[in-house]
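Residue numbers (my numbering): 447 to 608. Single-structure report; data block below.
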């Protein structure tokens, strides 16, 4: 799977998302401009020691991203979508794109992705969820649909035996 962040603004969110991508073997794509330096201490802290395991790629613009990922099936996560994220079938190499925290994915981009725009339902008049929570919700649904192929499905206690 692939997670795409279009112009993310908050380093802690990007760090949390990087950690989620690392533990799920998901490639993280960051489209500039970023609202932080990749050396930001909050970014590094949120991602803990998972950075070395992460496949991360950078792009100068959405057009650069599209040019370097020709034919990519991109699910656009947006509060403007009519389709719910659980109503679609995710494939192994799909991309799920999220917009910046303050504005989401630009409407000029969304207009070209009406069929692959998806939303997370929310109660009442709530505007949106936290970006890192949204990524985790949608990514894990996509992985669940693929039966968590290749994932460790059991745990072990540190001091005791189940």
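By construction, the Cβ of each residue, glycine as well, lies at the ideal position given by its N, Cα and C atoms. Remember, predicted model here, so these are calculated numbers, not experimental data.
Alpha helix (DSSP H) segment containing residue i, residue limits
| i | result |
| --- | --- |
| residue 589 | 577 to 591 |
Inter-residue Cα distance where the pair is residue i and residue j
| i | j | result |
| --- | --- | --- |
| residue 518 | residue 539 | 8 Å |
| residue 472 | residue 590 | 14 Å |
| residue 588 | residue 541 | 10 Å |
| residue 524 | residue 510 | 21 Å |
| residue 458 | residue 601 | 28 Å |
| residue 460 | residue 583 | 15 Å |
| residue 579 | residue 536 | 19 Å |
| residue 562 | residue 608 | 43 Å |
| residue 520 | residue 447 | 11 Å |
| residue 481 | residue 454 | 6 Å |
| residue 501 | residue 456 | 20 Å |
| residue 474 | residue 570 | 31 Å |
Beta-carbon spacing of residue i, residue j below 8 Å
| i | j | result |
| --- | --- | --- |
| residue 514 | residue 505 | yes |
| residue 451 | residue 544 | yes |
| residue 568 | residue 577 | no |
| residue 484 | residue 581 | no |
| residue 496 | residue 522 | no |
The beta strand (DSSP E) enclosing residue i, as first and last residue numbers
| i | result |
| --- | --- |
| residue 451 | 448 to 452 |
| residue 573 | Taken as a continuous stretch (DSSP letters only), residue 573 belongs to no beta strand (DSSP E), as it is neither H nor E. |
Within-8 Å CB hit, residue i to chain B
| i | result |
| --- | --- |
| residue 469 | Among the chains of the structure shown, chain B does not appear; only one protein chain is present. |
Exercise. At a cut of 8 Å, does the region 596 to 605 reach the region 547 to 560 through at least three beta carbon pairs?
Worked result: Verdict: no, contact absent.
Exercise. At what residue ranges does the region 464 to 510 contain a whole run of the alpha helix (DSSP H), taking only runs of 4 or more?
Worked result: With a minimum length of 4 residues, the continuous alpha helix (DSSP H) runs that stay inside the region 464 to 510 are 487 to 493.
Exercise. Is the region 520 to 529 close to the region 457 to 477, with three or more CB pairs under 8 Å?
Worked result: In this structure the region 520 to 529 does not lie against the region 457 to 477, because fewer than three pairs of beta carbons, one per stretch, are closer than 8 Å.
Problem set entry | Ranges of the beta strand (DSSP E) found wholly within the region 516 to 558, counting only runs of at least 3 | Whole beta strand (DSSP E) segments, 3+ residues: 520 to 523, 541 to 544.
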